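This report concerns only the one structure given below.
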Amino acid sequence: MSIIKQNLRGLIQPLIAVVIGLIAGAIAILVVGGSVTETYMEMWKGAFGSFYFLTNTLARSTPIILAGLGVALAFRAGFFNMGADGQMVLGGLSAALTALYFPGPGWVVLLASIIAGIITGGLWSFFAGWLDAKFGMNLLITTLLLNYIATLFAGYMVAYPFMDKTGSAAMAQSEMIEQSVWLPKLFQGMGLHAGFIIAIVAAVLLHFFMKKTTMGYEIRMLGSNPLFASYGGVRRGRMMMIAMLVSGGFAGLAGAGEVLGTQYRFLDGSLTSANYAWSGIMATLLANSHPLGTALAAILLSALQTGAMGVERNTDVPLEVASVIQAVLTLFVSARIGYTFWKRRKGKQKNGTTT
Amino acid sequence: MEQLLDAALFSSTLRVVTPILLAALGGALCSRVGLFNVALEGFVLVGAFSGIVGNYLFGNVWLAVLFAVLCVMFFSLIFGYLSINLRANPIVVGISLNFLATGMTTFLLRAIFNVKGAYYDSTMVGLPKWDIPVIKDIPWIGEVISGQSPLVYLAFILMGVLQFYLFKTVSGFRLRSVGENPVAAQSIGIKVRKHQYTAVLACGVLCGLAGAQLSLGQVTMFTEGMTAGRGFIALVATMLGQANPLGVMASSLLFGFMDAFGIRLQGLAIPSHFTNMLPYIVTLIAMFFFKDRSYLQDASKAGGSSR
Amino acid sequence: MLLQMENITKHYGNVTANQAVNFDLGEGEVHALVGENGAGKTTLMRILYGMEQPSSGSVKVKGKVVSFANPASAMASGIGMVHQHFMLFPSFTVAENIVIGREPTAGGVFDRKQAAALVEKLGQQYGMPVDPWAVVSECPMGMQQRVEILKVLYQGADIIILDEPTGALTPLEVKELLANIKSLALQGKSFIIITHKLHEVMEVADRITVLRDGRLTGTLAATDTDAEQLSRLMVGRELVSLEKQQVELGEAVLEVKGLGIRGPKGKGKALLKDIHLQVRGGEVVGIAGISGNGQSELIQAISGLRPVDDGTVQLAGVDIKGMAVRDIREQGLAHIPEDRYLWGAAKDATVLDNGLMGHHHTLQRKGLVKGKEARAKVSEWIRQFGIKAGSLDNKIQNLSGGNLQKLIAAREFAHDSHFIIAAEPTRGVDIGAMETIHTELIRKRDAGVGVLLVSSELTEILQLSDRIVVMYEGEIAGELSAKDATEEKISLLMSGGNRQA
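Chains as they are written, first to last, in the UniProt record's numbering: chain X, 1 to 355; chain B, 1 to 307; chain H, 1 to 501.
Here you go:
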């Protein structure tokens, strides 16, 4: 009973935020002289209007869900992991390279590529966790800086050593991955691929993990009061590295899924410019780091984005209206989430990371 | 090597360091009142964009700078309201405001100029280059220092002004007391919120100037996300400089130099990917060597303000 | 009368903190306000200082009715308050801390030289010399207390409220403070002292007002009363002394030899130096000392929360130095931490989650928490200790301090351990909770468990301990058996008295 009540209470907050976000969007639409109702109708159609659009929305949500889950885990443990972007890019890159060069039958290569993506993303994130645990370098800042380094490095890899020289277009991208290694599509002719199933399963698993397992319990307590956790026998440094490793693993999986399920190659900038990772962080903030909520919020944000594409196709309102709605939404929710976060930190811990 | 380290390099260092320095000074002020401002990135981005809009609207670069300053001040009020009045966690608010800055600028870029990605207008006049009478004739120094945009000089003057304000004046003394121990400050009748708002608004002014230098200083243009992490680098500069204007200047200069040096290295056969990485790597290395957490401790102390 | 508070009543929701309290103060008088924790002393003074508004009643200063919306307006009427937790700026100098708010200027610039001169003069005038250029964080507590009083004097206060002024001071510093208060009173300043230390009250106060459960139970002249009468008025009944059985001492459960922790970065003063300590099964060893003399470090070193530089620590015969907290706990350590909010609980987690900590390794199967058993266990504690917790899914921040402390104690008592650390087990809890926790500690002792009690309350130490170890500046200053121990002897050791003598 109380569990249902708690979950319901968890839902009310995001719902109010959505309404506020839509009002902000309405103002933006009016600013550019569009019709609010027409625009939102088009947005709805663009996101859920047909089976094609629905699957399109879900396909877009896949990397957002996964990246968001990773961030949610880190947030729950009390670490501001802002590095999902870089972790995702490196995950995608190594998945692509593994898919291209790993020998064996298709499904083996596919599995290997996914694992490579998870490990690379995880290690990159682990590196930031290690820098903090070992040298006291603020995690929030290092993860942000590491994003730029990761993106530039991945860009170099496909612009020089692994550049696709077969095609005529001189783009910074890897070669095309063989079809046998692709993540299967769920429906003929639709964008939605098996990665979405993985993402949903991951969300359920993470929810279960956080709620029911002893390690999940330790992570929650660590995020809630690190001194209390260490008093109770939780090894903070170890937990931090595990949490960051897994957190980055989710982001790496997100990148791998995009490469293996949608793009079939690593194209420089395609993962970052779509803002999957940042949308994932927004989803996490919206859902207060609740895994299932994060998945739901990710689908919502993705619907806003695909919906906005529909708006752009059919009206004069630019698709960027979606980013205004998202940002206002997040800001509104953050004011309250922040409040609880803040109270949590009334002790003597530091912000950003906690010792 | 000599060619690499010529006067033009130092001259461009001063140019690229200016946005970082201005933003870092803003961050320092916020830190002095116990607010950890992660939103510097977003502040500067809004400043850069509104600078271009101001220039477009008024056709006057000075009004454009003023417009940028006012817009960022308004934007910084959101930060102030949420983290001071609603007591939301400044970090989460900062992250969200960065989203808002990105979202608004891309949207308005479309809405106002009807372009995607970048706006450039060759007829738009940017900030002038000022020659400084006597100094410009001194051989090497003149080349480095003279002929910069007025905002470059203003940044360094403001650094001095802030140093004086924080450590010599009564008002600056009280402002520091707010960050040092807000409960104690409150107990002797110092208006904690007033000082926090003052700092946040001043941070808005500084970031507005930083943004204007970015979009109007060199080439007159705006591109999406053109701050490219400079706000975060400024944040590190604030930390390394221990929220002390002189120290902040020193660390900003280091990052600015690396930024300029990276651009210079592109002339050699090194891929731009690596030269572009330079400032971020140097920032990381700097964090490794000068890990001082007192800044963060200061920032979190405000959390204990309600007993 | 300089100050009159009449019929002050203050409600917080349906809790009554003050009920029709009368209080007055004459010029040059020292008036002590005594009572148990939660008796409403602090509330009354917060009302006087403008930090709270009374629900009803009036305040008159020099016969005129006043109403203070905030501390600034109270200050303007000549009322100053020195809080229990000092309101100082640690990195500022003494002079800066005193003049802040009314800084002397020269040409628009903060004139620090003049400030220092003013502060120096002020100190001399009131017989409390200070070094104006010293940085406050480097001053001893007694000096910080002095800075606080000078700050209030600088602001022009005639009525000075001192909230638990001696809590963090050494006995020597206390003596000095009380002498200062007397001499200031002779110069016409009036004092209200909030405290629960009766011998200090008897030494310095002219009159004493006693509060109990928010009501006035008496205002007496110091010459007409004594500590016993006051304590009856405070508690409202005779204190029951705990009954302790004679217990056969068991094996040593804790054996600390030559324990040392060096100062930060290996430099500076050692935090702990050459500590030898033994706790055997069936005894309570009390650690007395002014807080900040190494007790926290000792507890943290034993429980594995802080690395040890020198010496050995054995728990039930096993060397636990350098072991992880969890392994030490599994070796048989239970631990009631010294600060329940800092160490003992996660505020925004549920009662269940807070109760689970430390038990989550036993209440699990293949990495999954056994939810039902955990709930049953925590519910059982709640029933057994009479904890008012609402439901198990209630957030811990909704519990009162006493109830949370009982939950933490129950959680730790539930471990089947040979050894338990009880650090400040009853700080700031009501008498009921205190009795529950004390009784349970003694029951554990009687069952053959070794108890290390760390407390800055001498009465608690004297009441529970079989042996008393006194710490001073990170070292053991002396050891006394319960029979020989008196408050005076311990106080002397606490202030390092035996070494200077």
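Glycine included, C-beta positions come from ideal geometry on N, C-alpha and C. Please read all numbers here as calculations on a predicted model, not as lab measurements.
{"Check": "With a threshold of 7 Å on Cβ separation, who are the neighbours of H/S303 within its own chain once the five nearest residues in sequence on each side are excluded?", "Outcome": "V325, I328, L333, H335, I421"}
{"Check": "Which of the three DSSP states is assigned to H/N22 in this structure?", "Outcome": "strand"}
{"Check": "Alpha carbon to alpha carbon, how far is B/S300 from B/P128?", "Outcome": "Residue confidence is low: B/S300 scores 39 on pLDDT, short of 50, so the model does not pin down where it sits. Its coordinate-derived value is still stated next. Near 42 Å, if we compare the C-alpha coordinates of B/P128 and B/S300."}
{"Check": "What beta strand (DSSP E) runs, 3 residues minimum, are completely inside the region 172-222 of chain H?", "Outcome": "190-195, 207-212, 215-221"}
{"Check": "Closest Cβ-Cβ distance between X/L227 and chain B: below 9 Å?", "Outcome": "no"}
{"Check": "Could you compute how far the alpha carbon of H/L220 sits from the alpha carbon of B/L29?", "Outcome": "53 Å"}
{"Check": "Spell out the partners DSSP gives H/A106 in its beta bridges.", "Outcome": "H/V109"}
{"Check": "Per DSSP, what kind of secondary structure is B/Y197 in: helix, strand or coil?", "Outcome": "helix"}
{"Check": "Please state if the CB of H/A74 and the CB of H/I98 are separated by a distance shorter than 9 Å.", "Outcome": "no"}
{"Check": "Find the residues of chain X that neighbour H/V119, judging by a C-beta separation of less than 8 Å, and give them in chain order.", "Outcome": "Within chain X, no residue comes near H/V119; the closest Cβ sits about 30 Å away, beyond 8 Å."}
{"Check": "State the CB to CB distance for the pair X/A150 and X/L90, rounded to an integer number of angstroms; the pair is presumed to be in contact (CB under 8 Å).", "Outcome": "5 Å"}
{"Check": "Below 8 Å on the Cβ atoms is my guess for X/L152 versus X/T142; work out the distance and round it to an integer in Å.", "Outcome": "Their Cβ separation, rounded to whole angstroms, is 16 Å, which puts X/L152 and X/T142 out of contact at 8 Å."}
{"Check": "Considering only the alpha carbon of each residue, which of X/K45, X/F127, X/A72, X/S334 lies closest to X/L245?", "Outcome": "X/F127"}
{"Check": "Any contact of the region 253-268 of chain X with the region 153-162 of chain X, i.e. 3+ C-beta pairs under 8 Å?", "Outcome": "yes"}
{"Check": "Roughly how many whole angstroms lie between the Cα atoms of H/L404 and H/A349?", "Outcome": "12 Å"}
{"Check": "Could you check which residue in X/S174, X/S113, X/F209 has the C-alpha nearest to that of H/G367?", "Outcome": "X/F209"}
{"Check": "Please classify X/G189: is it buried, with 16 or more other beta-carbons within 10 angstroms of its beta-carbon, or exposed?", "Outcome": "exposed"}
{"Check": "With respect to the alpha helix (DSSP H) encompassing H/N7, which residues constitute its N-terminal and C-terminal limits?", "Outcome": "Per DSSP, H/N7 belongs to no alpha helix (DSSP H); it is in the beta strand (DSSP E), 3-12."}
{"Check": "In terms of residues, what are the limits of the beta strand (DSSP E) holding H/F419?", "Outcome": "419-423"}
{"Check": "Tell me, to the nearest whole angstrom, how far the beta carbon of H/G282 is from that of H/G448; I am working on the premise that it is less than 8 Å.", "Outcome": "5 Å"}
{"Check": "Quick one: what does DSSP say H/R467 is sitting in, helix, strand or coil?", "Outcome": "strand"}
{"Check": "Please state the DSSP three-state secondary structure of H/D310.", "Outcome": "strand"}
{"Check": "Which residues share a DSSP beta bridge with B/W130?", "Outcome": "B/Q148"}
{"Check": "Express the C-alpha separation of H/L254 and H/G188 in angstroms, rounding to a whole number.", "Outcome": "55 Å"}
{"Check": "If you measure between the beta carbons of B/G211 and B/V44, is that distance less than 9 Å?", "Outcome": "yes"}
{"Check": "Between the Cα of B/K191 and those of B/L201, B/S177, B/S251, spot the shortest distance and give me the residue it belongs to.", "Outcome": "B/S177"}
{"Check": "Since X/L285 meets chain B, which of its residues come closer than 8 Å, beta carbon to beta carbon?", "Outcome": "V92, I95, S96"}
{"Check": "Mapping DSSP to helix, strand and coil, what is B/S251?", "Outcome": "helix"}
{"Check": "Regarding X/F126 and the ligand NAP, is the C-beta to nearest heavy atom distance less than 8 Å?", "Outcome": "Of the ligands one can find in the structure shown there are none, so the ligand NAP has no counterpart to examine."}
{"Check": "Going by alpha carbons, who is nearest to B/V33 out of B/V53, B/L201, B/Y56, B/L57?", "Outcome": "B/L201"}
{"Check": "Just reading off the alpha helix (DSSP H) that H/Q145 is part of, what are its end residues?", "Outcome": "141-154"}
{"Check": "Hey, could you find the ends of the beta strand (DSSP E) B/T223 is sitting in?", "Outcome": "221-223"}
{"Check": "Pull out every residue of the region 240-273 of chain B whose Cβ sits closer than 7 Å to any Cβ of chain X, in chain order.", "Outcome": "P271, H273"}
{"Check": "Which first and last residues belong to the beta strand (DSSP E) in which H/I336 is found?", "Outcome": "333-336"}
{"Check": "What is the rounded straight-line gap between the Cα of H/S183 and the Cα of H/L150?", "Outcome": "14 Å"}
{"Check": "So, with DSSP's three-state summary, where would you put B/S294?", "Outcome": "Bear in mind that a pLDDT of 45 at B/S294, under 50, signals an unreliable position, so the model cannot answer this."}
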